[in-house]
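K.L.:
What follows is a single structure, and I will ask about it in a moment.
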Amino acid sequence: MCIRDRRRTVLAAGAAGAAALATGCGSDGGGGGDGGDTSAAPTTSAGAADSASPGASGGVELARTEDIPVGGGTVFKERKVVVTQPEEGEFRAFSAVCTHASCLVSTVSDGTINCPCHGSKYSITDAAVEAGPAPRPLPAERISVSGGAIRLA
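Set out below in structure tokens:
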């Protein structure tokens, strides 16, 4: 009897721990967990300042506008963000953390943001998944563009 009770207690505790672990691993924190669309990235034009940013010192400067190629982008690994310029003067930013296995994307080429781990590819325009196994788009990041500087908002 005593052994059976202990076994039941250990199994119950193990099941509770597994449930907590699965819950903790089930969300990347990027989409709020509500299944909402995170693909719509704020578009920032080169001549417009983001009203949410307090002046030119509103955030960390990532790059100059001329550093981001038209039709391409740049990955800022230290900030875990990728900035793209799908069309001249149109800048977008997304998380650089792949939604499949949390690897950092590494390159931007041929109109896609590319993850080296398992081959996921995302559109430079809206970060929609163009090739899996990524289950969802990259979350959008807020940036401001003013005076030729691209800043995290």
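One point on numbering: in my numbering, the residue at position 60 of the sequence shown is 99, and numbering is uninterrupted. For glycine and all other residues, C-beta sits at the position ideal for the given N, C-alpha and C. Quick caveat: nothing in here was measured; it's all calculated off a predicted structure.
(1) As a quick exercise: from Asp106, Lys116, Gly110, Ala188, pick the residue whose alpha carbon is nearest that of Cys154.
(2) Quick check: the Cα distance between Glu127 and His157, rounded to an integer number of angstroms?
(3) Assign Ser27 to one of two classes, buried (16 or more other C-beta atoms within 10 Å of its C-beta) or exposed (fewer than that).
(4) Hey, quick one: how far does the beta strand (DSSP E) through Lys160 stretch, first residue to last?
(5) Going by alpha carbons, who is nearest to Val99 out of Asp106, Leu143, Arg118, Glu169?
(6) Using DSSP with H/G/I as helix, E/B as strand and the rest coil, what is Thr138?
(7) Return the CA-CA distance between Ala170 and Cys137, expressed in angstroms with no decimal places.
(8) What would DSSP say about Glu100, mapped onto helix, strand or coil?
P.N.:
The structure says:
(1) For Cys154, the nearest C-alpha among the options comes from Lys116.
(2) Taking the straight line joining both Cα atoms gives about 30 Å.
(3) No answer is possible for residue 27: it lies beyond the span of the chain, which begins at 40 and ends at 192.
(4) 160 to 162
(5) Arg118
(6) Looking at Thr138 - three-state DSSP - the assignment turns out to be coil, as it is neither helix nor strand.
(7) 12 Å
(8) Strand, per DSSP.
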